[in-house]
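Enquirer: Pasting a structure below so you can have a look.
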Amino acid sequence: MNLKECRTVFTVTGLALMLAATSPVIGLFVSFESGDGRFSELWVLGPKHLARDYPFDIKANVSHTVFVGVGNHMGTSSYYMILVKLRNQTQSSPNTTAYTPSPLLPFSEFRFFVTDEHNFEAQIQFSVLDISRSGTSLFVLRLSINNVIHPVNSSANWDSEHKGYYQLFFELWRYDVTSRSFQFHNRFVGIWLNVTS
Amino acid sequence: MHCRHSRLVFAFVLILSLRCVGIPVFAEAADSASALSDAEKGVVSAYLETAEAENTGGNISVLLVRLNEAEDLLTQARAAHRLGDFEESARLSILCSALSAEVAQEATHLRLEMIRVRTLNLWLALTFSLVSMALVGLGCFWGWGAFKRRFYKRTLEMKPEAAMDES
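Residue numbers (this note's numbering), protein chains in the order written: chain A, 903 to 1099; chain B, 16 to 182.
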């Protein structure tokens, strides 16, 4: 190794050591988190807090319980809103491909804050209060969610594909700090209900 | 004449009853709605302040627990308003606003404290880096000089000596 090559080795080693010496300052400004793995979980559990035995055969004035939960993996705390909606087979559900929520109006909403890497769970008690039948059609007039009565006034026919009349579903919305409003978070879960008189 | 007199009396009673019952009810509803709106804005404002505190590296888990309490109060206020219990709705909304304001204030303090800590850390890191860089620079300079001297010395030691042949 001649003197010129030795000088190159010294220069490169010196620069590497200087870079290492500035790493505490660089670390304050540079983040190596990619942000690709950020997401929120949304789930619905049955009355026994399990992913089975969901309420299906619904009778008038009988209360049923489900648990709806949200897990925050967004890298920061989040302000969430769950909208409770009811639809029949002809009404549209949220479109997760187009990132659009269902156009139906919500019957109820839950707003809550979740710290990063934490969960929140809400107990939802619902009952169908007034039912009437006309041929193959079923009319639901009122729905109670957590003891608050909401007018429904909706008719439905039997949906053979989903084996139910109505789908009770929960949309997840998240508060967007930039736009200062809740935005549909492209998550929804639901259960199909066979309403019997 | 009697009919006109009764109409006047009826109109008077109607106006009086509206003034005594109707208008206060509308006023209560408006006050309740206004308090609800203020409480909603307060919760959002407190959350934004808390999010700022989180961005500066603060631990906001306790603040979020209290914000959830404020949100519970707001939910109860909304339910009371829907049921027509405007007085209770206004009371809960005011409680919610007060709690949100407290959270916002604490979030601001936390954010300012975190900015102070981060500034101190930045100065410490800058000082450490500058001193380290200077030491590395000086070390390299001195090391290179020593190495060069040794290199020349060894090269000269390795130089073959010329033999004198006078025969």
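Every residue, glycine too, gets a C-beta built ideally from N, C-alpha and C. Keep in mind the model is a prediction, meaning the values are calculated, not measured.
Classify residue 134 of chain B as helix, strand or coil using the three-state DSSP reduction.
Expert: Numbered from 1 along the second sequence, position 119 holds the residue referred to as residue 134 of chain B. Here residue 134 of chain B sits in helix by DSSP.
Enquirer: Evaluate residue 14 of chain B with the Cβ neighbour count: other Cβ atoms within 10 Å of its Cβ, from every protein chain shown; 16 or more gives buried, anything less gives exposed.
Expert: Any answer about residue 14 of chain B is impossible in this case: the structure gives chain B only from 16 up to 182.
Enquirer: For chain A, find out if any of its Cβ atoms is closer than 8 Å to the Cβ of residue 138 of chain B; answer yes or no.
Expert: Here the question's residue 138 of chain B lines up with position 123 in the second sequence. Chain A, which has no Cβ nearer than 8 Å to the Cβ of residue 138 of chain B, makes this no.
Enquirer: Are the segment 1065-1080 of chain A and the segment 982-992 of chain A in contact at 8 Å, needing three or more beta carbon pairs?
Expert: Touching, yes.
Enquirer: What does residue 986 of chain A reach in chain B if we use C-beta pairs closer than 7 Å?
Expert: Taking the first residue of the first sequence as position 1, residue 986 of chain A is located at position 84. Neighbours of residue 986 of chain A on chain B: none; closest Cβ ~13 Å, over 7 Å.
Enquirer: Taking residue 1101 of chain A as the query, report the chain B residues whose CB atoms sit under 7 Å from its CB, ordered along the chain.
Expert: The question about residue 1101 of chain A has no answer here: the residues shown for chain A are numbered 903 through 1099.
Enquirer: Quick one: is residue 1086 of chain A near chain B, going by C-beta distance under 8 Å?
Expert: Your numbering for residue 1086 of chain A matches position 184 in the first sequence. False, the Cβ-Cβ gap to chain B never drops below 8 Å.
Enquirer: Between which residues of its own chain and residue 36 of chain B is the CB-CB distance below 6 Å, once the five residues before and five after are set aside?
Expert: As a position in the second sequence, residue 36 of chain B is number 21, starting the count at 1. Because residue 36 of chain B sits at a pLDDT of 49, beneath the cut-off of 50, its placement in the model cannot be relied upon, and the following sentence gives the value as read from the coordinates. Correct list: empty, nothing qualifies.
Enquirer: Thinking C-beta only, is residue 53 of chain B closer than 8 Å to residue 112 of chain B?
Expert: Residue numbering aside, residue 112 of chain B sits at position 97 when the second sequence is read from its first letter. Residue numbering aside, residue 53 of chain B sits at position 38 when the second sequence is read from its first letter. Result yes, Cβ atoms of residue 112 of chain B and residue 53 of chain B sit closer than 8 Å.
Enquirer: At a Cβ threshold of 8 Å, is residue 162 of chain B touching chain A?
Expert: In the second sequence, the residue the question calls residue 162 of chain B occupies position 147. Output row for residue 162 of chain B: interface = yes.
Enquirer: Please state whether DSSP places residue 1040 of chain A in a helix, a strand or coil.
Expert: In the first sequence, residue 1040 of chain A corresponds to position 138, counting from 1. Residue state, collapsed to three classes: strand.
Enquirer: Quick one: is residue 33 of chain B buried, meaning 16 or more other Cβ sit within 10 Å of its Cβ, or exposed?
Expert: Along the second sequence, one-based indexing puts residue 33 of chain B at 18. Residue placement at residue 33 of chain B is poorly supported in this model, since its pLDDT is 48, which falls under 50; the coordinates are not used for a value here.
Enquirer: Just to check, is the beta-carbon of residue 1020 of chain A closer than 7 Å to a non-hydrogen atom of the ligand GDP?
Expert: The model depicted lacks the ligand GDP and carries no ligand whatsoever.
Enquirer: If I'm right that residue 78 of chain B touches residue 121 of chain B with Cβ under 8 Å, what's the distance once you round it to whole angstroms?
Expert: For this step, residue 78 of chain B is matched to residue 63 along the second sequence. For this step, residue 121 of chain B is matched to residue 106 along the second sequence. The pair is a contact, with the Cβ atoms about 6 Å apart (cut-off 8 Å).
Enquirer: Using a Cβ-Cβ cut-off of less than 8 Å, give me the residues of the segment 1054-1086 of chain A that come near chain B, in sequence order.
Expert: Hits within the stretch, in order: 1077, 1079, 1082.
Enquirer: Identify whether residue 160 of chain B lies in helix, strand or coil by the three-state DSSP scheme.
Expert: In the second sequence, the residue the question calls residue 160 of chain B occupies position 145. If DSSP states are grouped into helix, strand and coil, residue 160 of chain B belongs with the helices.
Enquirer: Flag this pair as touching only if the segment 1019-1031 of chain A and the segment 952-966 of chain A have three or more C-beta atom pairs under 8 Å; answer yes or no.
Expert: Yes: the two stretches touch, three or more of their Cβ pairs being nearer than 8 Å.
Enquirer: May I have a chain-ordered list of the alpha helix (DSSP H) segments no shorter than 4 residues that lie completely inside the segment 37-78 of chain B?
Expert: Runs of the alpha helix (DSSP H) inside the segment 37-78 of chain B: 38-70.
Enquirer: Drop a sphere of 10 angstroms on the beta-carbon of residue 1000 of chain A, count the other beta-carbons inside from all chains shown, and report buried for 16 or more, exposed for fewer.
Expert: As a position in the first sequence, residue 1000 of chain A is number 98, starting the count at 1. Burial call: exposed.
Enquirer: Here's the rule I'm using: 16 or more other beta-carbon atoms within 10 Å means buried, otherwise exposed. How should residue 1088 of chain A be labelled?
Expert: Numbered from its first residue, the first sequence carries residue 1088 of chain A at position 186. So residue 1088 of chain A counts as buried.
Enquirer: Between residue 37 of chain B and chain A, is the shortest Cβ-Cβ distance under 8 Å, so that the two count as touching?
Expert: Your numbering for residue 37 of chain B matches position 22 in the second sequence. Residue placement at residue 37 of chain B cannot be trusted, given a pLDDT of 49 that sits under 50; what the coordinates show is reported in the next sentence. Not closer than 8 Å to any Cβ of chain A, the Cβ of residue 37 of chain B fails to qualify, so no.
Enquirer: When you compare the CB of residue 976 of chain A with every CB in chain B, is at least one pair closer than 8 Å?
Expert: Residue mapping note: residue 976 of chain A aligns to position 74 of the first sequence, counting from 1. Not closer than 8 Å to any Cβ of chain B, the Cβ of residue 976 of chain A fails to qualify, so no.
Enquirer: Alpha carbons only, please: which of B:71, B:87, B:61, B:94 is nearest the one belonging to residue 48 of chain B?
Expert: Within the second sequence, the letter at position 33 stands for residue 48 of chain B. When each option's Cα is compared against that of residue 48 of chain B, the closest is B:94.
Enquirer: Below 6 Å CB to CB, which residues in the same chain sit around residue 72 of chain B once its five sequence neighbours on both sides are set aside?
Expert: To locate residue 72 of chain B, count along the second sequence from 1; it is residue 57. Same-chain partners within the cutoff: 129.
Enquirer: For residue 996 of chain A, count the other beta carbons within 10 Å of its own beta carbon; 16 or more makes it buried, fewer makes it exposed. Which is it?
Expert: In the first sequence, counting from the first residue as 1, residue 996 of chain A sits at position 94. By the neighbour-count rule (16 or more Cβ atoms within 10 Å), residue 996 of chain A is buried.
Enquirer: Give a yes or no on whether the C-beta atoms belonging to residue 966 of chain A and residue 941 of chain A are separated by under 8 Å.
Expert: Against the first sequence, residue 966 of chain A aligns to sequence position 64. Against the first sequence, residue 941 of chain A aligns to sequence position 39. The answer is no: Cβ separation not under 8 Å.
Enquirer: Confirm, please, whether the CB-CB distance from residue 55 of chain B to residue 89 of chain B is below 8 Å.
Expert: Locating residue 89 of chain B in the second sequence gives position 74, where the first residue counts as 1. Locating residue 55 of chain B in the second sequence gives position 40, where the first residue counts as 1. Yes, these two residues count as a Cβ contact at 8 Å.
Enquirer: Beta-carbon separation of residue 977 of chain A and residue 1018 of chain A under 8 Å?
Expert: Translated into the one-based positions of the first sequence, residue 977 of chain A becomes position 75. Translated into the one-based positions of the first sequence, residue 1018 of chain A becomes position 116. The answer is yes: Cβ separation under 8 Å.
Enquirer: Along the beta strand (DSSP E) that carries residue 1058 of chain A, what are the first and last residues, could you check?
Expert: Position 156 of the first sequence, counting from 1, holds the residue named residue 1058 of chain A. Run containing residue 1058 of chain A: 1050-1058, per the beta strand (DSSP E) assignment.
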